[in-house]
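What follows is a short report on a single structure.
Numbering (the working numbering), first residue to last: 328 to 443.
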């Protein structure tokens, strides 16, 4: 379990798939984070690794408070190496996932623009 800073005096509990099983069912794309693979490994540990033929090749499942969040490569299909990927998808159950990720980490994520 990691404890990261949230705001000035509050601390937030952050867990990853390396700590326990995190149920990300019901999450979907909420935005993006531009970060190196190295930065994500520093923040969350080793990713889960899928097959290069899968839509998701690398993934971190994170729980911030009671909110499941996933950070993942999408449809890379082995085109870029792990070290070359610098833009990642962020999944959550609401747009709050983006805010929580920004508050609890040094990462800067952005919400996806709605096409509506």
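Heads up, the beta-carbon is just placed ideally off N, CA and C, and yes, glycines get one too.
If you draw a straight line from the C-alpha of residue i to the C-alpha of residue j, how long is it?
i	j	result
residue 437	residue 358	5 Å
residue 399	residue 339	22 Å
residue 440	residue 347	32 Å
residue 361	residue 382	19 Å
residue 370	residue 434	9 Å
Enumerate in chain order the residues of its own chain whose CB-to-CB distance from residue i is below 7 Å, with the five nearest sequence positions on each side excluded.
i	result
residue 355	418
Once the 5 residues before and after residue i are set aside, which same chain residues still bring their CB inside 6 Å of it?
i	result
residue 345	372
Please check the pair residue i and residue j, which I expect to be a contact at CB under 8 Å, by giving their CB distance rounded to whole angstroms.
i	j	result
residue 367	residue 431	Actually they do not touch by this definition, with Cβ atoms about 14 Å apart.
Spatial neighbours of residue i within its chain, please: CB distance less than 8 Å, with the 5 preceding and 5 following residues excluded, ordered by chain position.
i	result
residue 392	339, 340, 427
residue 378	384
Tell me the DSSP secondary structure of residue i in three-state form.
i	result
residue 438	strand
residue 361	strand
Can you list, in chain order, the stretches of the beta strand (DSSP E) that have 3 or more residues and sit fully within the stretch 380 to 407?
385 to 391, 394 to 399
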